[in-house]
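Letter 200 of the sequence shown, counting from 1, is numbered 636 in our numbering, and no numbers are missing.
Quick reminder that beta carbons are idealized off the backbone N, C-alpha and C, glycines included.
Bear in mind the structure is a predicted one, so any value in this text is a computation, not a measurement.
Here's the structure, in structure tokens; my notes come after.
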Amino acid sequence: MSTSSFSSRHVILHAPPFWGHNKALIALAVLIAKTRSNVILSLFTTEALYPRLVGELENKLEKEKWAIVKAQINIIDITGPASAELPMQFARIYESLCQSKQGIGIMCMSSRRIFLELPKPDVAIIDPYAGYAYEIIRNTSQSRVPIISWLSAPTAFLLCHIGPRILGGHAPEEYESVEGRKEIKLLLSCAANGADSGVVIEPHAKLLSSFSCPTDFERLMIPGAPPIYVHELIPQLRLSAPGKLIAISGVYIREGDGIIMTSNSAYEGETMHAVKSWFREMGKNAYAMAPLILPSLTHIERDITSVDEEASCFLERTWKKFGRKSLVYISFGTFAYPPQPEKLQILIKTLIDQQVPFLFSYPSPQATEGEVQALIKESGIGMAMQWCPQEEILQHDVTGWFITHGGWNSVQESLEYRVPLIFWPISADQPLNAAQLVLTHKAAFELIEVRSGKQGTKPLLRFQNTEYNPMFTADALKKEVEKLIEKFNGKEGQTVRTNFERLSDKMRRSWEEGGECKTDFEQFIRKYVDCM
437 MSTSSFSSRH VILHAPPFWG HNKALIALAV LIAKTRSNVI LSLFTTEALY
487 PRLVGELENK LEKEKWAIVK AQINIIDITG PASAELPMQF ARIYESLCQS
537 KQGIGIMCMS SRRIFLELPK PDVAIIDPYA GYAYEIIRNT SQSRVPIISW
587 LSAPTAFLLC HIGPRILGGH APEEYESVEG RKEIKLLLSC AANGADSGVV
637 IEPHAKLLSS FSCPTDFERL MIPGAPPIYV HELIPQLRLS APGKLIAISG
687 VYIREGDGII MTSNSAYEGE TMHAVKSWFR EMGKNAYAMA PLILPSLTHI
737 ERDITSVDEE ASCFLERTWK KFGRKSLVYI SFGTFAYPPQ PEKLQILIKT
787 LIDQQVPFLF SYPSPQATEG EVQALIKESG IGMAMQWCPQ EEILQHDVTG
837 WFITHGGWNS VQESLEYRVP LIFWPISADQ PLNAAQLVLT HKAAFELIEV
887 RSGKQGTKPL LRFQNTEYNP MFTADALKKE VEKLIEKFNG KEGQTVRTNF
937 ERLSDKMRRS WEEGGECKTD FEQFIRKYVD CM
């Protein structure tokens with residue numbers, strides 16, 4: 437469709453400063469910019485995420501494409517070092533955009549660049565964890581600006597935690613009414629203000645999702661759910677309670693005008709159908725768009741760093757010595773880390789003993805330099821790096837398996853580069869992603885003996901009426917890893933790899949003409965961009 441007949445449109449995008457919530461969001465911005473040359477997209481972020489978002493564009497787009505997209509996409513740090521002031525700064529920026537008749541100049545606190553004459557927002561794509569942004573947009577806009585919720589996780593996670601009870605979700609009935617949501621907002625506000633409000637509430641009060649305290653041996657009953665108990669979705673010792681953010685997202689997903697989900701029916705068909713039907717009943721649109729990834733450029737196409745070069749040299753040496761698909765890549769993402777580091781040490785020791793080459797990345801602030809890194813350095817078969825270019829590693833021919841916490845970004849990248857997964861889930865959507873791929877698609881492995889905590893060490897439904905009884909001990913984990921190595925080097929590993937590659941192909945085809953994601957994206961563009 438020609439865009440010459442359309443005037444300039446302004447789409448704003450915003451998510452809390454979590455990389456997992458922003459990575460696919462910038463990919464969506466690029467997709468919109470490529471589709472409509474008359475659209476300006478402004479992504480409001482913090483000082484901490486600004487360089488990563490800019491780097492994602494500079495390192496993933498060819499220079500010519502970057503020059504074109506750069507004219508349409510504004511990445512703007514609105515907080516500087518004061519990231520705690522994000523809600524206040526979002527309010528300041530948004531109010532300025534709405535009140536200016538001629539547009540306004542906004543300074544990026546990181547680059548010091550001033551973005552001149554930004555028009556009033558026409559549509560907002562907002563992560564529901566950022567509930568403050570919904571309130572600010574609704575209370576400030578002179579005319580109604582559609583808010584599309586941004587879900588950077590599979591729909592099963594949405595449905596399980598904050599979906600309606602009628603669909604097997606754990607959201608109390610109060611979420612389904614305007615008055616009920618007002619009560620929840622008040623409770624959340626009181627909890628946030630603490631002593632200032634004089635009101636104390638439990639983190640998991642009755643108005644928050646009951647998921648946090650599952651009934652013993654309660655089965656997960658959402659449509660399309662893998663055969664698991666709800667307590668299986670809390671696989672590790674709890675270091676912090678997620679109740680507040682879950683509650684916030686449950687409220688604002690229902691108050692937005694629609695939702696973009698970074699998943700599709702190839703991955704979770706029955707669940708996706710249920711969520712789309714639920715949103716239709718609320719009079720809202722639900723769009724499937726996955727995978728959303730900017731493909732990584734090769735060394736030839738982009739500037740490389742010393743870190744890239746170090747990892748690349750190790751990959752090449754390993755490929756020459758051990759051959760294709762021989763390396764195990766290990767990473768738990770930018771935040772997650774095993775709560776029992778001694779179990780990680782058992783994994784590493786067993787890989788070394790079995791002479792399985794591996795690369796261990798530990799960017800999490802919870803990781804510390806210690807015995808594991810020293811062990812790897814002396815092994816002669818492994819390498820440890822605090823940060824490494826994950827997508828470059830996944831697309832290298834030497835990489836055969838990926839041991840991961842199972843965050844949705846890592847899952848999508850693995851599907852993009854066709855590297856099957858071995859799950860060590862920690863929290864959030866990770867255990868559900870593991871169950872979906874292991875039990876539903878038969879396209880991954882999962883480490884069981886690494887589980888910990890009260891909920892994590894309860895019986896698993898999948899082992900009912902079998903002889904396997906997990907012990908969650910060091911010896912049990914060592915035996916499990918040894919058996920896992922036999923599996924992924926044998927017939928079972930080949931079956932898992934074939935199933936994983938088949939799923940990867942199905943997800944990619946969803947972006948072809950007539951595919952679910954292509955169709956949903958075009959419908960979103962027509963409704964919220966072309967016809968604003």
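Outcome for residue i when other beta-carbon atoms lying within 10 angstroms are tallied against a minimum of 16
i: T902; result: exposed
i: D558; result: buried
i: Y723; result: buried
i: P727; result: buried
i: T876; result: buried
i: K756; result: exposed
i: G679; result: buried
i: K496; result: buried
i: A810; result: exposed
i: E949; result: exposed
i: S742; result: Its pLDDT being 49, under 50, S742 is placed unreliably in this model, and the value from its coordinates should be taken loosely. S742 should be labelled exposed.
i: F768; result: buried
Proximity of residue i and residue j at Cβ, strictly below 8 Å
i: I509; j: I584; result: no
i: I514; j: I529; result: yes
i: H446; j: S473; result: no
i: I684; j: L624; result: yes
i: I858; j: I884; result: no
i: F899; j: V932; result: no
i: I562; j: I682; result: no
i: V917; j: L783; result: yes
i: G705; j: A772; result: no
i: F526; j: F593; result: no
i: V687; j: I766; result: no
i: V711; j: L595; result: yes
i: Y568; j: P523; result: yes
i: N700; j: S946; result: yes
i: I504; j: L489; result: no
Opening and closing residue of the alpha helix (DSSP H) in which residue i lies
i: M524; result: 522-535
i: R716; result: 701-717
i: R945; result: 927-945
i: A592; result: 591-598
i: E691; result: 679-691
i: E494; result: 486-496
i: F957; result: 952-961
i: L868; result: 866-871
For residue i, the first and last residue of its enclosing beta strand (DSSP E)
i: G694; result: 694-697
i: V447; result: 445-450
i: I584; result: 583-587
i: I562; result: 559-562
i: L552; result: 550-554
Best match in the options for proximity to residue i [C-alpha to C-alpha]
i: I817; options: Y565, I839, V792; result: V792
i: M821; options: F750, I448, V965, A726; result: F750
i: Q826; options: N869, P861, I729, P906; result: I729
i: L485; options: K894, R760, F454; result: F454
i: L873; options: M657, I448, P662; result: P662
i: L467; options: K954, Q525, T835; result: K954
i: D789; options: Q672, T481, K914, E745; result: K914
i: D911; options: K785, P517, L939; result: K785
i: L461; options: H450, R854, G719; result: H450
i: G929; options: P564, V886, D956, A879; result: A879
i: E746; options: V855, K459, E828; result: E828
i: G892; options: W860, E922, I921; result: W860
i: F957; options: T698, T909, E937, T754; result: T698
i: H457; options: I670, S946, N845; result: N845
i: Q535; options: T770, E500, I573; result: I573
i: K890; options: L673, E615, G567; result: L673
i: P731; options: L851, K894, R938, I862; result: L851
i: A469; options: G605, A507, Q578; result: A507
i: R548; options: L554, G516, P523, E531; result: G516
i: R887; options: E778, N935, K923; result: E778
i: G806; options: Q781, C824, A463, A465; result: Q781
i: K813; options: S748, I448, F794; result: F794
i: S748; options: D833, K923, L787, P555; result: D833
Beta-bridge partners of residue i, as assigned by DSSP
i: W837; result: V764
i: F859; result: T840, E882
i: R655; result: Y665
i: I512; result: F480
i: A820; result: F796
i: I468; result: Partner(s): none; I468 has no beta bridge.
i: A724; result: M697
i: I542; result: F551
Minimum Cβ-Cβ distance from residue i to chain B less than 8 Å
i: F526; result: Among the chains of the structure shown, chain B does not appear; only one protein chain is present.
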